[in-house]
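Q: Have a look at this one.
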Amino acid sequence: MRTATVLSLAAGLVLVAGVARAAAPAPEEGVALTVYNQNFAVVKEVRNLKLDGRIATVQFRNVAKSIDPTSVHFKSLTDPQTTSVLEQNYEFDLVSADKLLDKYIDKKVSAVTKQGQ
3 MRTATVLSLA AGLVLVAGVA RAAAPAPEEG VALTVYNQNF AVVKEVRNLK LDGRIATVQF
63 RNVAKSIDPT SVHFKSLTDP QTTSVLEQNY EFDLVSADKL LDKYIDKKVS AVTKQGQ
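Per the working numbering, numbering of the sequence shown is gapless, rising by one per residue and ending at 119.
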């Protein structure tokens, strides 16, 4: 089992090479917050993750909806040579009936009953 210390601003989804299964990120070890004018802030956060194997998916939930996805960075502080990000996604989409219906405006929709009709 390899322990990787992760430097992250906040992430939606990070797929890491050099690891196989990851536990949920531990509570933040250190957080620094800088607030600027015009509703802008920078959060620097260090978290410890236990990563073992080859490929893992790490998810950070409850991220601000207004986050700039290009500002999110992942870096192993203990093994940067063999740990890398294969894919990083930010998926913000609160699910609600209205949100689902909005996605299908002007599109063909079919309804199926429990009996398959």
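By construction, the Cβ of each residue, glycine as well, lies at the ideal position given by its N, Cα and C atoms.
Just so you know, these numbers come straight off a predicted model, no measurement behind them.
Using only the alpha-carbon positions, how far apart do D100 and N91 sit?
A: Locating residue 100 in the sequence shown gives position 98, counting from the first residue. Locating residue 91 in the sequence shown gives position 89, counting from the first residue. Roughly 24 Å between the two C-alpha positions.
Q: Pick helix, strand or coil for D54, following the three-state DSSP scheme.
A: The residue you call residue 54 lines up with position 52 of the sequence shown. Strand at D54.
Q: Determine the burial state of L79: buried for a count of at least 16 other Cβ atoms within 10 Å of its Cβ, exposed for fewer.
A: Within the sequence shown, residue 79 is the residue found at index 77, counting from 1. By the 10 Å Cβ count, L79 comes out exposed.
Q: Quick check: what's the CA-CA separation for E89 versus T72?
A: Numbered from its first residue, the sequence shown carries residue 89 at position 87. Numbered from its first residue, the sequence shown carries residue 72 at position 70. Rounded to the nearest angstrom, the two C-alpha atoms are 13 Å apart.
Q: On the DSSP letters alone, give me the boundaries of the alpha helix (DSSP H) that L102 sits inside.
A: What you label residue 102 is simply residue 100 of the sequence shown in a count that begins at 1. Taken as a continuous stretch (DSSP letters only), the alpha helix (DSSP H) holding L102 covers 99-105.
Q: To the nearest angstrom, report how far apart K116 and I107 are at their CA atoms.
A: Position 114 of the sequence shown, counted from the first residue, corresponds to residue 116. Position 105 of the sequence shown, counted from the first residue, corresponds to residue 107. Answer to the nearest angstrom: the Cα atoms are 24 Å apart.
Q: Thinking T36 and V48 are a contact (beta carbons under 8 Å), I'd like their distance in whole angstroms, please.
A: As a first step, residue 36 is located in the sequence shown; it is residue number 34 there, counting from the start. As a first step, residue 48 is located in the sequence shown; it is residue number 46 there, counting from the start. Wrong, their Cβ atoms sit about 15 Å apart, outside the cutoff.
Q: Express the C-alpha separation of V111 and E50 in angstroms, rounding to a whole number.
A: The count along the sequence shown starts at 1 and reaches residue 50 at position 48. The count along the sequence shown starts at 1 and reaches residue 111 at position 109. For the record, residue 50 in the displayed sequence is Asn; it is not Glu. One C-alpha to the other measures close to 45 Å.
Q: Check the DSSP bridge columns for Y38 and list the partner residues they point to.
A: On the sequence shown, position 36 is the one that residue 38 refers to. For Y38, which the question treats as bridged, DSSP gives the partners F42.
Q: When you compare only the Cα positions, how much space is there between S98 and Q83?
A: Here residue 98 refers to the residue found at position 96 of the sequence shown. Here residue 83 refers to the residue found at position 81 of the sequence shown. Rounded to the nearest angstrom, the two C-alpha atoms are 42 Å apart.
Q: Whole angstroms is fine: what's the gap from R63's alpha carbon to H75's?
A: Counting from one through the sequence shown, the residue named residue 63 turns up at place 61. Counting from one through the sequence shown, the residue named residue 75 turns up at place 73. Cα to Cα, the separation comes out at about 15 Å.
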